[in-house]
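Taken in order, the sequence shown gives residues 220 to 307; the numbers are from the numbering used here.
Think of the CB as a built atom: it goes at the ideal place given N, C-alpha and C, for glycine as much as any other residue.
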Amino acid sequence: MTWPASVRDNLKPRTSHTPMIQPVSCPICAKVLAPTASDSACFPFCSIRCKQIDLSRWLDGKYAVVEDLSPDRLAMEFMEPEDLPPEE
Ligand SMILES: [Zn+2]
Numbered sequence: 220m221t222w223p224a225s226v227r228d229n230l231k232p233r234t235s236h237t238p239m240i241q242p243v244s245c246p247i248c249a250k251v252l253a254p255t256a257s258d259s260a261c262f263p264f265c266s267i268r269c270k271q272i273d274l275s276r277w278l279d280g281k282y283a284v285v286e287d288l289s290p291d292r293l294a295m296e297f298m299e300p301e302d303l304p305p306e307e
């Protein structure tokens, strides 16, 4: 069976000439990352700070989407003074 040239072209994987670049945004602060950010050690986060925030949330078992991040709020997220149970 011989396929028409137009069909064969459609079956070809689309490669380099039309790269699919999907914008990636930081899961923590929603900052849009540069295409080169995937080379970063903190990818897919915009910074080491956001990566650490995400990690600390998972460890605390209270992961949640945060709309508004301020430096004061970040400090509170890290400190968590109220959650430590007394050891007896
Ligand atoms: Zn971020």
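- The alpha-carbon separation between K250 and S244 amounts to approximately 5 Å.
- Not a single heavy atom of ligand 1 lies less than 7 Å from the C-beta of I267.
- Our two residues, A253 and P223, have alpha carbons roughly 41 Å apart in a direct line.
- In this structure, DSSP gives S266 a state outside helix and strand, which the three-state scheme calls coil.
- Your pair P246 and F264 checks out as a contact, with CB atoms roughly 7 Å apart and the cut at 8 Å.
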